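Q: When the letters of the sequence shown are read in order and numbered with numbering that gives the first Met the number 0, they come out as residues 0 to 333.
Before we start, here is the structure in question, set down as structure tokens.
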Amino acid sequence: MQNTTIKRSPAWKSGLIVLSVIIGLLGLTACSGKSAADEKVTVNIAINGGLNLLTIAKNKGFFEEAFGKVNAEVKWNEFQSSVPLLEGVVSNRVDFSFIGDGTVVTGKAADSPFTVISVTGVEGNQNSVIVKPDSPIQSIADLKGKTIAVAKGSSGHIFLIKALEKNGLSEDDVKLVQLQPDEANPAFQSGNLDAWAIWDPFVTIETQGGRARILESVKTMGFIAPAVMIGRDQFLKDHPDLAALYLKVYQQTVEWVAGHLDEAVTILATEKKMDPELVRTLISNTHYINEPVSPEIEGAMQSTADILEATGTVKKKVDISKVYDNSFITEALK
């Protein structure tokens with residue numbers, strides 16, 4: 000009889016061993032119930048300078064408590080202004096934070112990977128142009144030929160451009176000096192600047208301290224200057240549920256502050272090493288919200304985009320209707 004036994008090669012045996020190992024590993028994974036979905040997610044939250052509700056939420060542990068329940072870990076960063084913050088978004092070090100409408104435009108013009116997910120305020124954090132108390136400058140029109148400090152691309156910069164335009168001037172009519180707040184403050188106090196385009200808490204600190212007066216502000220000029228919450232695009236795509244949870248916790252913080260003003264003042268005064276009464280004034284001057292982008296807010300932001308394009312601050316048109324997504328805040332507020 001012919002021998003029909005098949006001779007198996009060493010390679011075939013190796014393949015069988017590998018297959019057995021894979022099946023065994025799959026069986027262990029199934030038994031243990033572990034999967035990629037069970038891995039802990041890191042949520043990077045950034046505080047964007049000044050007095051803000053994220054500082055309070057961090058102090059109270061609101062985000063840690065909420066995200067801990069869904070196997071997510073919170074990591075915090077802090078930036079002095081929006082421009083370096085967006086660098087953190089690009090390098091995947093920031094998943095959530097808040098910025099002004101000017102930075103939304105400059106960021107999207109540079110293809111920064113973020114999306115606006117809610118509106119946190121409409122007063123631009125008291126964006127103002129301030130001058131020394133004894134300055135002869137009495138109006139925006141008087142700024143022609145003057146030296147003004149500004150953090151370019153910031154909400155203060157946008158306010159300055161709009162204020163100049165409303166008074167028949169442009170950036171070409173003044174001398175702009177690019178300075179971050181910590182650099183601008185001593186330069187302003189030493190008299191090396193004629194004016195400073197800046198936001199709170201610096202506006203209130205300088206005016207209440209008798210070292211400055213407000214020439215014009217978003218309130219006196221009737222401007223809508225939205226502040227918005229942003230999320231990093233890839234994080235929003237990978238974890239839409241956590242984006243909604245983030246906004247839910249922020250809403251919790253908004254409501255908590257409204258009912259615990261004294262404690263909120265104490266937290267911010269301690270964290271920022273500021274006078275409590277000054278902090279109370281700053282909080283009282285700010286209307287904290289957490290709402291979808293409305294047609295009015297979209298229009299105000301588009302106006303900012305159009306002005307920045309016209310002045311050459313950004314090199315391409317930004318369509319605001321494509322930079323926000325209300326689905327996360329809608330889910331959060333259910």
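The beta carbon of each residue, even a glycine, is placed where N, CA and C say it ideally should be.
From a predicted model like this one, the values you see are computed outputs, not experimental measurements.
How many angstroms separate the CA atom of Phe201 from the CA atom of Ala150?
A: Near 13 Å, if we compare the C-alpha coordinates of Ala150 and Phe201.
Q: Taking three-plus beta-carbon pairs below 8 Å as touching, is the region 138 to 156 in contact with the region 173 to 181?
A: The region 138 to 156, when compared against the region 173 to 181, does touch it at the 8 Å Cβ threshold.
Q: Where DSSP assigns a beta bridge to Glu86, which residues make up the other side?
A: Answer is none; Glu86 lacks a bridge partner.
Q: Taking the beta carbon of Thr303 as the centre, do at least 16 other beta carbons fall within 10 Å, making it buried, or is it exposed?
A: Under this definition Thr303 is a buried residue.
Q: Look at the Cβ atom of Pro294, then the Cβ atom of Val118, and state whether they are nearer than 8 Å.
A: Against a cut-off of 8 Å, the Cβ pair of Val118 and Pro294 comes out as no contact.
Q: Could you tell me which residues DSSP puts in a beta bridge with Ala98?
A: Before going on, a small fix: residue 98 reads as Ile here, not Ala. Val227.
Q: Can you give the beta carbon distance from Thr95 to Met228, rounded, assuming they're within the 8 Å contact cut?
A: According to the sequence as given, residue 95 is Phe; it is not Thr. Between Met228 and Phe95 the Cβ distance is about 7 Å, and since that is below 8 Å, they are a contact.
Q: Grab me the residues of Met300's own chain with a C-beta within less than 7 Å of its C-beta, minus the 5 sequence neighbours each way, in chain order.
A: Only Asp100, Val103, Pro225, Ile319 meet the Cβ criterion.
Q: Could you tell me which residues DSSP pairs with Gly120 in its beta bridges?
A: Bridge partners of Gly120: Ala226.
Q: Please give me, in chain order, every unbroken run of the alpha helix (DSSP H) with length at least 4 that falls completely inside the region 140 to 186.
A: Correct list: 154 to 165.
Q: Answer with buried or exposed for Gly48, where buried requires no fewer than 16 other C-beta atoms within 10 angstroms of its C-beta.
A: Result: buried.
Q: When the Cα of Pro132 is compared with those of Asn289, Leu214, Thr269, Asp305, which residue comes out closest?
A: Of the listed residues, the one whose Cα sits closest to Pro132 is Leu214.
Q: How long is the line joining the alpha carbons of Asn191 and Leu175, rounded to whole angstroms?
A: Taking the straight line from one Cα to the other gives about 12 Å.
Q: State the beta-bridge partners of Tyr323 as determined by DSSP.
A: In DSSP, Tyr323 forms a bridge with Val115.
Q: Alpha carbon to alpha carbon, what distance is there between Thr105 and Val317?
A: So the alpha carbons of these two residues sit roughly 9 Å apart.
Q: Can you check whether the CB of Ala186 is closer than 8 Å to the CB of Ala148?
A: Going by C-beta atoms, Ala148 is nearer than 8 Å to Ala186.
Q: Who are the near neighbours of Thr3 in its chain, counting only those whose CB is closer than 8 Å to its CB and skipping five residues on each side?
A: The pLDDT assigned to Thr3 is 42, lower than 50, so where the model puts this residue is not dependable; a value taken from the coordinates is nonetheless given after this. Around Thr3: no qualifying Cβ.
Q: Rounded to the nearest angstrom, what separates Thr329 and Asp172 at their Cα positions?
A: In a straight line, the C-alpha of Thr329 is about 44 Å away from that of Asp172.
Q: Could you have a look at Glu335 and say whether DSSP puts it in helix, strand or coil?
A: Outside the shown range of the chain, which is 0 to 333, sits residue 335, and nothing can be said about it.
Q: Once you ignore the five residues that flank Ala242 on each side, which residues in its own chain have a CB closer than 6 Å to its CB?
A: If we look at Ala242 and ignore the five residues flanking it on each side, its Cβ neighbours are Gly230, Leu235, Phe327.
Q: Give the DSSP-derived three-state secondary structure of Arg210 in the structure shown.
A: Of the three classes helix, strand and coil, the one that applies to Arg210 here is coil, per DSSP.
Q: Would you mind sorting Ser81 into buried or exposed? The rule is 16 or more other CB atoms within 10 Å of its CB.
A: Ser81 is buried by the Cβ-count criterion.
Q: Just to confirm, are Val256 and Leu52 a CB contact at a threshold of 8 Å?
A: In contact: Val256 and Leu52 (Cβ atoms closer than 8 Å).
Q: Distance check for Gly209 and Ser189, CA to CA, integer angstroms please.
A: Roughly 14 Å separates the two Cα atoms.
Q: Taking the C-alpha atoms as reference points, what is the distance between Leu163 and Leu281?
A: In a straight line, the C-alpha of Leu163 is about 26 Å away from that of Leu281.
Q: So Val42 and Glu86 are supposed to be a Cβ contact under 8 Å. How far apart are they, rounded?
A: At roughly 19 Å, the Cβ-Cβ gap does not stay under 8 Å, so Val42 and Glu86 are not in contact.
Q: How many angstroms separate the CA atom of Ile98 from the CA atom of Glu38?
A: So the alpha carbons of these two residues sit roughly 30 Å apart.
Q: Tell me, to the nearest whole angstrom, how far the beta carbon of Leu168 is from that of Lys143; I am working on the premise that it is less than 8 Å.
A: That belief holds up - the Cβ atoms of Leu168 and Lys143 are roughly 6 Å apart, short of 8 Å.
Q: Could you give the DSSP three-state label for Glu254: helix, strand or coil?
A: Note: Glu254 maps to helix in three-state DSSP.
Q: Excluding the 5 residues flanking Asn126 on each side, which residues of the same chain have their C-beta closer than 6 Å to its C-beta?
A: Closer than 6 Å at the Cβ level, and outside the excluded window around Asn126, lie Ser154, Gly155, Phe158, Trp198, Val217, Ala224.
Q: Using the three-state DSSP reduction, which class does Val130 fall into: helix, strand or coil?
A: It is a strand residue.
Q: Measure the alpha-carbon distance for Asp267 versus Tyr245 and round it to whole angstroms.
A: The amino acid at residue 267 is misidentified as Asp; the sequence shows Leu. Looking at the two C-alpha atoms, the distance is approximately 21 Å.
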